[in-house]
Amino acid sequence: MKIQTRPWFLMGLSSLFLGLLAISASDRARAAAVATSDFQAAVESEISYLKKRLGEPKADKALPTLKTAAFIIAHLAQNQIAAKTGDAKQLATLRDAALEVAAAVNKKDLATATKLASGLSVDIKASASANPAPVTLVGLHDFELHTLMSPFRIERANGRGYEKAVRDFAKSVKNVDEAISLGVKLEAYAELTAAMAPDDEGSMKTKANWVKWSNEMKKNATDAVAALKKGKAGEKTAAASFKKLDASCTACHNVFRE
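Numbering (mature numbering (1 follows the signal peptide of the UniProt record, and there is no 0)), first residue to last: -31 to -1, 1 to 227.
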């Protein structure tokens, strides 16, 4: 299987191991919940992006990035459910509402997506019919690797500048709240990336290496967030963690891109 690449992606990857690939029970066990305040801030960041970008001109040019924002909300909510953190039905309601936005974006129905996004809220009212059972995210509504990586593009290429943000934070952390929010989201990106591991192709292109670098990405994101919780004293450590995170992504990029 060939892994196609696009130069504007952080990891230079753009094809998915085909089929509906669920995150296994053991993977979900490793997908630990984050602090409630961090979860809320990360989700609010994604909701804010969805509402803002859907209301801007040429929103149709940002479909992959819009869809990914909705899936990150869903993934974060599922992590909280799995860790029994918060109201499971309320979190399932949030997840399902985000996935409805993703479905509309996938259909290029931006009018419906805009309407649905307007109802998104981190404290959305729980639906009595919401089912907290895990939902397979990878492959749902065509959620594939090239979609997941789209926010790492620069903004003028309809991304969110995450690659640049990581490299900026690797130099110095000037906005702690933004750095924490990005770190929390990068943990989710790393978990989803690991779940999208391709078949072995020989040499260094192995599922084991893919997962190893994905796990390194997650660990470094987690370490960055933990360091930033220590205040000013942890900023240099956080910057070093962002630098390591960038290095792990680059290592994966160098092996898997054509």
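Glycine is no exception: its CB is placed at the ideal position from the N, C-alpha and C atoms.
- Query: Bridge partners of G171, per DSSP?
  - Reply: DSSP lists K174 as partners of G171.
- Count the other CB atoms, across all protein chains shown, that sit within 10 Å of the CB of S6; report buried if there are 16 or more and exposed otherwise. Label assigned to S6: exposed.
- Grab me the residues of G88's own chain with a C-beta within less than 7 Å of its C-beta, minus the 5 sequence neighbours each way, in chain order. Spatial neighbours of G88 in its own chain (CB-CB distance under 7 Å, excluding positions within 5 residues in sequence) are listed in chain order as A66.
- Query: Near V135, which residues of its chain fall below 7 Å by C-beta distance, leaving aside the five closest residues on each side in sequence?
  - Reply: Around V135, the same chain offers F211, L214 and D215 as residues with beta carbons nearer than 7 Å, after the five sequence neighbours per side are excluded.
- Of the listed residues T37, K201, A95 and K199, nearest to V107 (C-alpha basis): Selected option, being the one with the closest Cα: T37.
- Assign I123 to one of three DSSP states: helix, strand, or coil. Here I123 carries a coil assignment [DSSP, helix/strand/coil].
- Message: Can you list, in chain order, the residues of its chain with a C-beta nearer than 7 Å to that of A73? Leave out the 5 residues immediately preceding and following it.
- Response: Correct list, in chain order: T81, A82 and L85.
- So does the segment 177 to 192 actually touch the segment 113 to 133, counting three or more Cβ pairs closer than 8 Å? Contact annotation: the segment 177 to 192 does not touch the segment 113 to 133, with fewer than three C-beta pairs closer than 8 Å.
- Message: Rounding to the nearest angstrom, what Cα-Cα distance links S217 and G130 in this structure?
- Response: Rounded to whole angstroms, S217 to G130 spans 18 Å at the Cα level.
- Message: For A139 and K133, I'd like the C-alpha separation in whole angstroms.
- Response: Those two C-alpha atoms are separated by around 10 Å.
- Message: Distance check for S17 and L60, CA to CA, integer angstroms please.
- Response: Between L60 and S17, the alpha-carbon positions lie close to 18 Å from each other.
- Please look up how many angstroms separate the CB atoms of A95 and K58, rounded, as I've assumed it's under 8 Å. Sure, about 4 Å apart at Cβ, within 8 Å.
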